[in-house]
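Undergrad: First the structure, which I've put down as structure tokens, then a few questions once you've had a look.
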Amino acid sequence: MSVPETVREVRLARRPQGRPVAADLVVVETPAPEPAAGQVLLRNRWFLLFAGLVTLLGETPPGAPWPSIEPGDTLFGPAVGEVVDAPADSGLRPGDLVVHFRGWREYAVAEPSELTPLEKELDDPAAHLAPGSVGYGVLTRTAPVRPGDTVLVTGAAGGVGTLVGQTARLLGAGTVIGTTGSPAKVERLRELGYDAVLVDERTDGAADGAVGDAAGGAAARAERFARQLAEAAPDGIDLLVDNVGGHQAEAALAAARPGARAALVGVLSGQLGDSPAAHPPLRLDAFQLIVKGVQLTGSGSAGQAEAEAAWRPRFGRWLREGRITFPHVRVVGLERAPLAFQEMTEGRHFGTVLVELPAE
Numbered sequence: 001m002s003v004p005e006t007v008r009e010v011r012l013a014r015r016p017q018g019r020p021v022a023a024d025l026v027v028v029e030t031p032a033p034e035p036a037a038g039q040v041l042l043r044n045r046w047f048l049l050f051a052g053l054v055t056l057l058g059e060t061p062p063g064a065p066w067p068s069i070e071p072g073d074t075l076f077g078p079a080v081g082e083v084v085d086a087p088a089d090s091g092l093r094p095g096d097l098v099v100h101f102r103g104w105r106e107y108a109v110a111e112p113s114e115l116t117p118l119e120k121e122l123d124d125p126a127a128h129l130a131p132g133s134v135g136y137g138v139l140t141r142t143a144p145v146r147p148g149d150t151v152l153v154t155g156a157a158g159g160v161g162t163l164v165g166q167t168a169r170l171l172g173a174g175t176v177i178g179t180t181g182s183p184a185k186v187e188r189l190r191e192l193g194y195d196a197v198l199v200d201e202r203t204d205g206a207a208d209g210a211v212g213d214a215a216g217g218a219a220a221r222a223e224r225f226a227r228q229l230a231e232a233a234p235d236g237i238d239l240l241v242d243n244v245g246g247h248q249a250e251a252a253l254a255a256a257r258p259g260a261r262a263a264l265v266g267v268l269s270g271q272l273g274d275s276p277a278a279h280p281p282l283r284l285d286a287f288q289l290i291v292k293g294v295q296l297t298g299s300g301s302a303g304q305a306e307a308e309a310a311w312r313p314r315f316g317r318w319l320r321e322g323r324i325t326f327p328h329v330r331v332v333g334l335e336r337a338p339l340a341f342q343e344m345t346e347g348r349h350f351g352t353v354l355v356e357l358p359a360e
């Protein structure tokens with residue numbers, strides 16, 4: 001495979017003012033990367049767009065696993081790449097497909113230790129970028145689902161949410177409830193097996209899960225959401241998989257049954273709000289959590305590799321058996337990535353969003 005003299009990548013052009021827009025990113029041409037001794041040269045085939053990247057485009061909060069992306073820096077994220085050239089002792093050969101973390105560019109170089117060869121569990125190579133292992137790790141390790149549980153998944157229409165709801169059902173949940181900010185997504189979530197879908201709609205056109213309504217509007221919106229939850233789960237919930245935070249998480253924890261479990265996975269209310277750097281605090285009724293014995297856990301990166309290894313073969317089998325689907329959007333062409341990222345933050349897509357780089 002010949003490598004062109006110049007290749008393209010997506011860089012941060014400027015700090016976003018509020019939610020990111022396409023103009024905050026720029027596609028640039030740069031000399032093709034040259035691997036140093038022992039490194040692998042890759043041509044990317046697909047890469048993942050994910051909401052967590054929004055946080056890194058601003059002032060990264062303390063404790064974040066990655067530093068802030070500065071103007072002029074190339075973006076990054078999960079990708080599937082094809083090996084172009086590799087050291088003889090790496091175990092890799094040209095044409096092999098690997099998962100790595102240098103997306104948002106046509107070509108990349110990486111150390112062999114940073115690459116995970118694709119296994120045969122999944123027929124579609126792009127499915128290796130499905131974020132299903134996040135929810136699987138929660139449901140099997142962080143806050144295990146139990147037979148007959150009433151499960152609430154906030155941010156159900158995103159990449160994690162569309163898979164975790166299906167997974168909860170397959171692992172024995174009795175009732176699965178989801179939330180979305182878009183009425184247009186309700187029927188699609190029902191098709192995925194959600195028994196009820198709560199619509200937490202803004203009146204100002206912001207993204208799913210976003211917060212920041214005008215004075216008085218936020219309180220009314222939180223009250224409406226709490227009423228919907230009470231109607232959908234009159235006896236409370238046993239398990240919360242929270243991708244949103246904010247008033248959705250607060251209402252869910254208030255509705256927790258004795259012995260309930262809650263896993264905090266994401267903060268879409270901050271990442272996709274008007275000021276992505278400002279993650280709203282989560283107000284808890286500590287007394288109720290204590291007397292009910294509610295287990296509240298943050299779902300971090302610890303144990304994620306093990307969850308991914310356990311998830312992939314099960315995901316592949318469920319796909320082949322038709323017991324699960326992989327809702328996703330494929331945007332073709334690196335030049336379309338900035339707009340696709342803006343659309344994702346606006347809640348315009350359903351499920352996982354991938355950028356596909358056509359074969360040369």
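360 is the number that UniProt numbering gives the last residue of the sequence shown; the numbers go up by one with no jumps. Think of the CB as a built atom: it goes at the ideal place given N, C-alpha and C, for glycine as much as any other residue.
Counting only runs of 4+ residues fully inside the segment 299-339, write out the alpha helix (DSSP H) ranges in chain order.
TA: Complete alpha helix (DSSP H) runs here, min 4: 304-321.
Undergrad: Need the endpoints of the beta strand (DSSP E) that HIS247 sits in, please.
TA: Element bounds for HIS247: not the beta strand (DSSP E) but the alpha helix (DSSP H), 246-254.
Undergrad: Smallest Cα separation from GLU191: which of ALA13, ASP200, VAL176?
TA: Checking every option, the nearest Cα to that of GLU191 belongs to VAL176.
Undergrad: Return the bridge partner residues of PRO117 from the DSSP annotation.
TA: Looking at the DSSP assignment, PRO117 forms a beta bridge with VAL98.
Undergrad: Which residue or residues does DSSP assign as beta-bridge partners of ALA13?
TA: DSSP output for ALA13 lists no bridge partner at all.
Undergrad: Would the segment 135-155 count as touching the segment 237-246 if we require 3 or more Cβ pairs under 8 Å?
TA: Yes, they touch.
Undergrad: Taking 7 Å as the cut-off, decide whether the C-beta atoms of VAL197 and GLY178 are in contact.
TA: Yes, they are a contact pair.
Undergrad: Which residue comes first and which comes last in the beta strand (DSSP E) that contains TYR194?
TA: No beta strand (DSSP E) contains TYR194, which DSSP labels as neither H nor E.
Undergrad: Do GLU9 and ARG105 have their C-beta atoms within less than 7 Å of each other?
TA: In this structure, ARG105 lies closer than 7 Å to GLU9 by Cβ.
Undergrad: Using the C-alpha atoms, what's the distance from LEU253 back to LEU284?
TA: Taking the straight line joining both Cα atoms gives about 8 Å.
Undergrad: Could you say which of LEU289, VAL54, GLY72, ASN44 lies nearest to ASP96 if we only look at CA atoms?
TA: Comparing Cα-Cα distances from ASP96 to each of LEU289, VAL54, GLY72, ASN44, the minimum goes to ASN44.
Undergrad: Are LEU57 and PRO20 close, meaning C-beta to C-beta below 7 Å?
TA: Result yes, Cβ atoms of LEU57 and PRO20 sit closer than 7 Å.
Undergrad: Which residue spans inside the segment 135-177 form an unbroken beta strand (DSSP E) run of at least 3?
TA: If we require 3 residues or more, the beta strand (DSSP E) runs fully inside the segment 135-177 come out as 150-153.
Undergrad: Within the same chain, show all residues whose beta-carbon is closer than 6 Å to that of VAL294, passing over the 5 residues directly before and after it, in chain order.
TA: So the qualifying residues of the chain are ALA256, ALA260.
Undergrad: Roughly how many angstroms separate the alpha carbons of LEU115 and GLY38, rounded to a whole number?
TA: Approximately 13 Å between the Cα atoms of the pair.
Undergrad: Distance, Cα to Cα, VAL244 vs PRO65?
TA: If you take the alpha carbons of VAL244 and PRO65, they lie about 19 Å apart.
Undergrad: Taking the C-alpha atoms as reference points, what is the distance between PRO112 and GLU223?
TA: Approximately 52 Å between the Cα atoms of the pair.
Undergrad: Are the beta-carbon atoms belonging to LEU48 and LEU118 less than 7 Å from one another?
TA: No. Outside cutoff.
Undergrad: With DSSP as the reference, please indicate the residues paired to ASP242 in a beta bridge.
TA: In the DSSP output, where bridge partners are listed per residue, ASP242 has LEU264.
Undergrad: Taking the alpha-carbon positions, what's the MET1 to VAL84 distance?
TA: Their Cα atoms are separated by approximately 7 Å.
Undergrad: Just tell me which of ALA32, LEU12, VAL27, GLY18 has its CA closest to the CA of PRO4.
TA: Considering only alpha carbons, the answer is ALA32.
Undergrad: When DSSP builds the beta bridges, which residues end up paired with GLY52?
TA: Note: GLY52 sits in no beta bridge, so no partner.
Undergrad: According to DSSP, is ILE290 helix, strand or coil?
TA: Here ILE290 sits in helix by DSSP.
Undergrad: For VAL332, count neighbouring C-beta atoms within 10 Å of its own C-beta (all shown protein chains included) and say buried if the count is 16 or more, exposed if not.
TA: Classification for VAL332: exposed.
Undergrad: By DSSP, does VAL7 sit in helix, in strand, or in coil?
TA: Reduced to three states, the DSSP call for VAL7 is strand.
Undergrad: Leaving out five residues before and five after SER133 in sequence, what residues of the same chain have Cβ atoms less than 6 Å from its Cβ?
TA: Once the five neighbours on either side are set aside, the close Cβ partners of SER133 are ALA307, GLU308, TRP311.
Undergrad: Beta-carbon within less than 6 Å of LEU171's beta-carbon, same chain only, minus the 5 sequence neighbours each way: which residues are those?
TA: Same-chain partners within the cutoff: LEU139, VAL145.
Undergrad: In whole angstroms, what separates the C-alpha of VAL329 from that of ALA157?
TA: If you take the alpha carbons of VAL329 and ALA157, they lie about 12 Å apart.
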